[in-house]
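Note that full-length UniProt numbering has the sequence shown beginning at 1, numbered continuously upward.
Structure first, then comments.
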Amino acid sequence: MNILTFDIEEWFHILDNASTRTETEWGRYESRIHRNMDLIFQLLDETNSRATFFCLGWVADKYPDVIKRIDAAGYEVATHSYAHQLAYEQSPAEFTGDLQRSIKSLQDVTGKAVRAYRAPGFSIKFLNRWVFPILLENGIDVDCSVFSARRSHGGDAAFGITAPSLIDINGTPLKEFPINTVSIAGQDVIFSGGGYFRLFPYPVIHRFTQKSSYVMTYFHPRDFDHTQPVIEDLGMARRFKSYYGLKGCWPKLHRLLKNFEFIDLAEADRRIDWNAVPKKSFG
1 MNILTFDIEE
11 WFHILDNAST
21 RTETEWGRYE
31 SRIHRNMDLI
41 FQLLDETNSR
51 ATFFCLGWVA
61 DKYPDVIKRI
71 DAAGYEVATH
81 SYAHQLAYEQ
91 SPAEFTGDLQ
101 RSIKSLQDVT
111 GKAVRAYRAP
121 GFSIKFLNRW
131 VFPILLENGI
141 DVDCSVFSAR
151 RSHGGDAAFG
161 ITAPSLIDIN
171 GTPLKEFPIN
181 TVSIAGQDVI
191 FSGGGYFRLF
201 PYPVIHRFTQ
211 KSSYVMTYFH
221 PRDFDHTQPV
231 IEDLGMARRF
241 KSYYGLKGCW
251 PKLHRLLKNF
261 EFIDLAEADR
271 RIDWNAVPKK
281 SFG
């Protein structure tokens, strides 16, 4: 099962960086979301692919036409938070307010319920798993935030979830679609989205996809924009992660979608026998 998803945000929504941290800083940068969304829609049209779009509520408020275009094309709209802040840096009240604001903004545009969520930077760690009941309380029954491996600003191997699972929240299940991994020399490796996808050559991605029974992708509009400006205050390592492989990402993903079947999150939910998946309880 291969699932195609996009996190819809602007090119400057880079986490853990002072000059791109909040809405105050975002006003300094040009918008590139429309040209980059054109590339995504072209990709989906040419490969006849379906996808789920995890959208910022901020995008829904500032560029409602983007969300309307996604919805009008029949694609699933989910939430990626409102203001693209790291969940583990928020209090429960701050997280709840941001989530509710994002859901309202998206639903006001589409007129449809939002039922799936992905945290910015996969920033649900074991220590802030208190977010799971908050998701359920706000109508979210599908989460795509678990990243069971180390990464710079999110992810936690303590979850031990790399395939669709049910997380028990006081007797109520939350459907979890985590990021998948492959094992190389005893190390868990991610290849299916963002900078990881841009780093690996296509033959390696093809081989990893072929050997995986479950693949959860995640891409951003900026991943296909090799002419975007460089954020000047990024450190060398972060600059490499943010800008390496941009020029080849679109043709690489185009090739992958031609070689393998990909479905959206809603279709994956329908195909899974949830009575047969692993069940996790985190007290």
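Glycine included, C-beta positions come from ideal geometry on N, C-alpha and C.
Bear in mind the structure is a predicted one, so any value in this text is a computation, not a measurement.
First and last residue of the uninterrupted beta strand (DSSP E) at residue i
i	result
Leu-136	Leu-136 -> not in any beta strand (DSSP E); alpha helix (DSSP H) instead, spanning 131-137.
Gln-187	187-189
Pro-173	172-176
Ile-167	165-169
Asp-264	Note, Asp-264: premise wrong, no beta strand (DSSP E); not H, not E.
Asp-7	5-8
Glu-76	76-79
Val-182	182-184
Buried versus exposed, by CB contacts within 10 Å (16 or more), residue i
i	result
Trp-130	exposed
Glu-9	buried
Ser-28	It is Arg, not Ser, that sits at residue 28 in the sequence shown. By the 10 Å Cβ count, Arg-28 comes out exposed.
Val-230	exposed
Gly-121	buried
Glu-261	exposed
Gln-282	According to the sequence displayed, residue 282 carries Phe and not Gln. Classification of Phe-282: exposed, given that the 10 Å Cβ count is below 16.
Leu-43	buried
Lys-252	buried
Phe-159	buried
Arg-270	exposed
Ala-119	buried
Ile-179	buried
Ala-72	exposed
Ser-91	exposed
Glu-76	buried
His-80	buried
Own chain, CB closer than 7 Å to residue i, minus 5 neighbours either side, in chain order
i	result
Ile-272	Pro-164
Arg-101	Gly-57 and Tyr-82
Thr-172	Leu-136
residue 354	Outside the displayed span of the chain (1 to 283) sits residue 354, for which this structure offers no information.
Val-142	Arg-115, Ala-116, Lys-175, Phe-177, Leu-265 and Asp-269
Pro-64	Val-109
Ile-140	Arg-115, Ala-116 and Tyr-117
Ser-212	Asn-180 and Val-182
Opening and closing residue of the alpha helix (DSSP H) in which residue i lies
i	result
Pro-92	92-110
Thr-217	Taken as a continuous stretch (DSSP letters only), Thr-217 belongs to no alpha helix (DSSP H), as it is neither H nor E.
residue 335	Nothing about residue 335 can be read from this structure; the chain reaches only from 1 to 283.
Ala-18	From DSSP, Ala-18 is part of no alpha helix (DSSP H); its letter is neither H nor E.
residue 354	Coverage of the chain is limited to positions 1 through 283, which leaves residue 354 absent and any answer about it impossible.
Asp-141	Per DSSP, Asp-141 belongs to no alpha helix (DSSP H) and is neither H nor E.
Thr-52	Note, Thr-52: premise wrong, no alpha helix (DSSP H); beta strand (DSSP E) at 52-55.
Own chain partners of residue i with C-beta closer than 6 Å, once the 5 adjacent residues on each side are dropped
i	result
Phe-208	Val-182 and Phe-191
Pro-133	Ile-169
Leu-99	Asn-138
Cutoff 8 Å; reference residue i; Cβ partners in own chain excluding five residues on either side
i	result
Asn-36	Trp-11, Pro-221, Arg-222, Phe-224 and Asp-225
Arg-239	Val-230 and Ile-231
Lys-166	The residue you asked about is not Lys; residue 166 is Leu in the sequence shown. The residues are Pro-173, Leu-174, Lys-175, Glu-176, Trp-274, Val-277, Pro-278, Lys-279 and Lys-280.
Asp-188	Ser-148, Ala-149, Ala-157, Thr-162, Thr-181 and Val-182
Ile-263	Met-1, Asn-2, Ile-3, Leu-4, Arg-50 and Arg-271
Tyr-244	Gly-195, Arg-198 and Leu-199
Arg-32	Glu-10, Trp-11, Pro-221, Arg-222, Asp-225 and Gln-228
Asp-61	Ser-105
Contact with chain B by residue i, beta-carbon distance below 8 Å
i	result
Arg-207	You won't find chain B in this structure, because it holds only one protein chain.
Okay, do the region 3-21 and the region 220-237 touch, 3+ Cβ pairs below 8 Å being the bar? yes
**Item:** Segment contact, 8 Å Cβ cut-off, at least three pairs: the region 197-214 with the region 101-112
**Value:** no
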